[in-house]
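The structure appears below as structure tokens.
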Amino acid sequence: MGCAQSQMAGADSGMKVVNVDKVKSGSKMLPRGAGSARYKLRRCNCCSFSYFALCKTCPRCNDAAPVVRKPIVGGNWKCNPSKVSELKELVANIDACDTSGCDVYVCPSTLHIGIVYKSFKNGAKVAPQNCNYKGCGAYTGEMSADQMVDMGLEWCLIGHSERRGEFGLPTPPESNSLLAMKCKYLLEKGMKVIFAIGEPLPVREKGLKAVMETLIPQLLEIKGMLDPARVVLAYEPVWSIGTGVTASPAQAQETHRAIRQWIAKEVSPSVAAEIRIQYGGSANAKNAPDLSKCPDVDGFLVGGASLKPEIAEIVAAVAKEKCWRDLGNADLFPAAVYEKSGLRKTGAVTWVKA
Ligand code: PGA
0 MGCAQSQMAG ADSGMKVVNV DKVKSGSKML PRGAGSARYK LRRCNCCSFS
50 YFALCKTCPR CNDAAPVVRK PIVGGNWKCN PSKVSELKEL VANIDACDTS
100 GCDVYVCPST LHIGIVYKSF KNGAKVAPQN CNYKGCGAYT GEMSADQMVD
150 MGLEWCLIGH SERRGEFGLP TPPESNSLLA MKCKYLLEKG MKVIFAIGEP
200 LPVREKGLKA VMETLIPQLL EIKGMLDPAR VVLAYEPVWS IGTGVTASPA
250 QAQETHRAIR QWIAKEVSPS VAAEIRIQYG GSANAKNAPD LSKCPDVDGF
300 LVGGASLKPE IAEIVAAVAK EKCWRDLGNA DLFPAAVYEK SGLRKTGAVT
350 WVKA
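In structure tokens:
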């Protein structure tokens, strides 16, 4: 039964339903545990009614509630470690991440994927750092989605700035068109994609408008592929990658918000609301708590710090802030919680004074 229905059921039966509108955070009327995610209240943007955050629509005016996005953190090992013997420690760092409130993936170097891909015990996924756009065959040095699928891999990272020409080497950069082909190919093969975008420092120095003018062409060719269940965007300002200079929470938030607004306009408001956008660029255990407070930052793509035990702290920080829980078919408001507060449960989200 939906939230709206269950509240109506209480009202129809003539019982005195305690109106959640009158329940303020911290008030004695809130069931114990009200501070946790599942009991959070939200105020409707449309009619100002307060209702449980888990409801998908406002019980009073049916306005859609803001979407709760599960956070996601990736560890990009890049071309590390230098020795196979060091992999054990790196795997242990990822295995130490609590994945109950956050999706976790790791991008080992191509050479090491085959060694570690069955090692993770906490549900962390392995995502190669690249993919070709054709399949198996005469493609020396490439990896195909077919091979990934056969190995049980579900995710692939493409579009990292180090593949878009920021190597510092005279290698041809991967173009937006090539990356769109790769994205299409991966999705057709049933894979999920982490699609990285970002702007260089001279662009950032010109302000958000210039940043978006750089990011939009990176997004344009994949805008029809932005399925929130299968594509995660990773916004990584090039100037903050590996430099120790992190975007401030305000910079990250304004950019993530602008990306979401662009998607709302160009694709749809629901895709914009649901798609996850990670921040990447010198993310670490110290700055993750503040960056996680940004409403449009849904996690991190972590380079250097993913080679250290602190990756678990980064995952914990974003999970704590976003409070995502897999509730499945769980009883959202168990009777015992109400009883402790002197209330008697009468429906999924209704109660009377006991
Ligand atoms: P960094 O790298 O965390 O070392 O800055 C991030 C990335 O390149 O994905």
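Start counting the sequence shown at 0; every next residue gets the next number (numbering that gives the first Met the number 0). Note that beta-carbon positions come from the ideal geometry of N, C-alpha and C, so glycine has one too.
Segment contact: the region 242 to 259 against the region 273 to 290, three or more CB-CB distances shorter than 8 Å; contact assigned. For GLY140, the closest alpha carbon among the candidates VAL148, ASP149, ASN129 is that of ASN129. Within the model, the alpha-carbon separation for TRP350 versus TYR50 is close to 14 Å. With a cutoff of 7 Å, GLU235 counts as near the ligand PGA, since its C-beta is closer than that to a heavy atom of the ligand. LYS117 is the residue among ALA209, ALA257, GLU88, LYS117 whose C-alpha sits nearest the C-alpha of MET150. At the C-beta level, ASN286 and THR242 stay beyond 8 Å of one another. Take PRO216, set aside five residues on each side of it, and the residues of its chain with a beta-carbon closer than 8 Å to its own are ASN175, in chain order. Less than 8 Å separates the beta-carbon of GLU235 from that of SER160.
Counting along the chain, the unbroken alpha helix (DSSP H) around ALA335 starts and ends at 334 to 339. Close CB contacts of ALA95 within its chain, under the 7 Å cut and outside five residues either way in sequence, are with PRO308, ALA311 (chain order).
In the structure shown, the three-state DSSP call for ASN79 is coil. In this structure, VAL301 has its CB closer than 7 Å to one or more heavy atoms of the ligand PGA. Residue burial annotation: TYR104 is buried, with at least 16 other C-beta atoms found within 10 angstroms of its C-beta.
Burial state of TYR337 is buried, judged by a 10 Å Cβ sphere holding 16 or more other Cβ atoms.
Judged by their CB atoms, ASN79 and LEU300 are not nearer to each other than the 8 Å cut-off. Ranked by how close their Cα comes to the Cα of PRO70, the residues CYS322, ALA335, ARG343, ASN283 have CYS322 in first place.
For the pair PRO227 and PHE48, the Cα-to-Cα distance works out to about 28 Å. Within the region 116 to 184, the complete beta strand (DSSP E) segments at least 3 residues long are 154 to 157, listed from N- to C-terminus. Per DSSP, reduced to three states, the secondary structure at ASP295 is coil, with no helix or strand assignment. For ILE262, same chain residues with a beta-carbon under 7 Å away, outside a window of 5 residues either side, are LEU225, VAL270, ALA271, ILE274 in chain order.
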